[in-house]
Amino acid sequence: SDDSMNFCQELLKRYGVAVVPGIGFGSEGYFRFSYAADIVTIREGIRRIEKFVRELQQG
Numbered sequence: 348s349d350d351s352m353n354f355c356q357e358l359l360k361r362y363g364v365a366v367v368p369g370i371g372f373g374s375e376g377y378f379r380f381s382y383a384a385d386i387v388t389i390r391e392g393i394r395r396i397e398k399f400v401r402e403l404q405q406g
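The sequence shown begins at 348 in this note's numbering and counts up by one.
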């Protein structure tokens, strides 16, 4: 399955947040992200991820 790949591509396309699909690490259904940024940027990224996930849940 490429669900984590699709998730990551859509998140980047819609919200400008880059994450890595978990399938590349043997963990389909998950993703990884770097937290090597300032806390303001990290919080904004998490806010965008939350918004994206809510959209997916609503259909």
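Note that beta-carbon positions come from the ideal geometry of N, C-alpha and C, so glycine has one too.
For Gly392, the enclosing alpha helix (DSSP H) stretches over residues Ile386 to Gln405. Separation of Ile370 and Leu358 (C-alpha to C-alpha, rounded to the nearest whole angstrom) is 16 Å. Phe378 sits in a strand when the DSSP states are folded into three classes.
Your pair Tyr377 and Ser351 checks out as a contact, with CB atoms roughly 6 Å apart and the cut at 8 Å. Note that the C-beta distance between Phe380 and Val366 is below 8 Å.
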